[in-house]
Amino acid sequence: MSKSLSKFLTLLSLAVAAALPGAASAQATWNLYRDASAPLDPNSCLQGAANYGSYGNTYSCTGSTGGTVTASAWSVEKGATGNANALDYSGSYYANAFVSDNGTAGFGSKNRTETLASGGPYQHAVDNIPGAYDFILLDFGAANVVLESFGLGYACTMDMSYSTTACKASKADLTIMRWSGDTAPTRGTGTATMGSNQTLTDSGWQLVGSYQGVQADSLDPFGGQKRNTSATQGSSWWLISAFNTTLNGGTQYCSDSSGLATTCSNTNDAFKLNWIKTAAASVVTPGVPEPASLGLAMAALAALGFVRRQSKA
């Protein structure tokens, strides 16, 4: 091999390596829980002053590389007297709920039908029992992130055949959505929420995936039973729900721990979220190639120039 060719190949390999995205440096992990032993620790999630201890409360958490995510809870349960027709999902508005702090098990939800005084592990959880459809909304502010994986501190598949509900397995099915709208998700007041003081519209949400049989791990460091989302697009807002056929395109198809196709159930899942992993999402201006594509194009042009010079020599 000639020295000039060897030099060119070295430069080409460096150009290609530089063009490839280095996502690892932009990754962050987030522990989603309040440390009761050190509630003012900056690495512990803190409950906001607004609606403290009531419906519409929020928790703010700091990531491993800085930045803040704010967690809030939502539900299709609107607090009507009686069962509130839990299986009648309109797809228009979600009523704000209460983010329950469950220590290292993570964040759960109490919707307006369960009430703040309700007890029992699953009543502190994000659930779809019996089709209630609770959600955790994660707001990363101005940051545009890809939710790469998540971990649960509590998971339960309820055995609905018992007169007293009980877990028959420590796992749960979930659905994840990302916000794809041009502006922030709309929040406001509305009569459709029957007793709530805030609503969240669903227009602009895009399905990321549904995940079957996610197991729990409440031991620090968290994420021992993490599940990858296979998400490739970023957003500043992510919804994590107990499995929901409506949000899942009207089907029960989802993926198992190996990423293979399977089916999920939508009336017996409960979970608490205690860990997530994110990566910074690249933002591409229309008409402008991504850095990797641009770098490879430059490398190709360099190769073309080299070939032409060699042919003239």
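Its first residue numbered 24, the sequence shown is counted upward by one per residue in this note's numbering.
Idealized CB from N, CA, C, for every residue including glycine.
Reference residue i; option with closest CA among the options
{"i": "T290", "options": "L242, T180, V231", "result": "T180"}
{"i": "L230", "options": "R201, D243, P244", "result": "R201"}
{"i": "T198", "options": "L55, A72, L296", "result": "L296"}
{"i": "Y293", "options": "A178, G257, E171", "result": "For the sequence presented, residue 293 should be read as Ala rather than Tyr. When only C-alpha atoms are compared, the closest one is A178."}
{"i": "S87", "options": "A207, W97, P244", "result": "P244"}
{"i": "Y234", "options": "S259, K191, T52, Y276", "result": "Y276"}
{"i": "S67", "options": "L170, F130, G102, C287", "result": "F130"}
{"i": "F173", "options": "A165, S264, A284, T286", "result": "S264"}
{"i": "A239", "options": "S193, V168, G257", "result": "S193"}
{"i": "I152", "options": "L175, G71, W260, K133", "result": "K133"}
{"i": "V169", "options": "D162, Q248, C190, G257", "result": "G257"}
Where residue i sits in the DSSP three-state scheme
{"i": "Q70", "result": "strand"}
{"i": "T127", "result": "helix"}
{"i": "A94", "result": "strand"}
{"i": "A49", "result": "helix"}
{"i": "Q248", "result": "coil"}
{"i": "Q256", "result": "coil"}
{"i": "L296", "result": "strand"}
Nearest-angstrom Cα separation, counted from residue j out to residue i
{"i": "Q50", "j": "E137", "result": "37 Å"}
{"i": "T209", "j": "V99", "result": "16 Å"}
{"i": "D58", "j": "S305", "result": "33 Å"}
{"i": "D150", "j": "T91", "result": "25 Å"}
{"i": "A195", "j": "G272", "result": "19 Å"}
{"i": "C84", "j": "S226", "result": "26 Å"}
{"i": "L283", "j": "L262", "result": "22 Å"}
{"i": "A303", "j": "I159", "result": "21 Å"}
{"i": "T127", "j": "L175", "result": "10 Å"}
{"i": "T285", "j": "T274", "result": "11 Å"}
Buried or exposed by the 16-neighbour rule on C-beta atoms within 10 Å, applied to residue i
{"i": "Y56", "result": "buried"}
{"i": "Y75", "result": "exposed"}
{"i": "F142", "result": "What sits at residue 142 in the sequence shown is Gly, not Phe. Exposed, since its Cβ has fewer than 16 Cβ neighbours within 10 Å."}
{"i": "D157", "result": "buried"}
{"i": "S115", "result": "The predicted model places S115 with a pLDDT of 49, which falls under 50 and marks its position as unreliable; any figure quoted below should be read in that light. Exposed."}
{"i": "A254", "result": "buried"}
Three Cβ pairs or more, each shorter than 8 Å: is that satisfied between the segment 67–81 and the segment 116–127? yes
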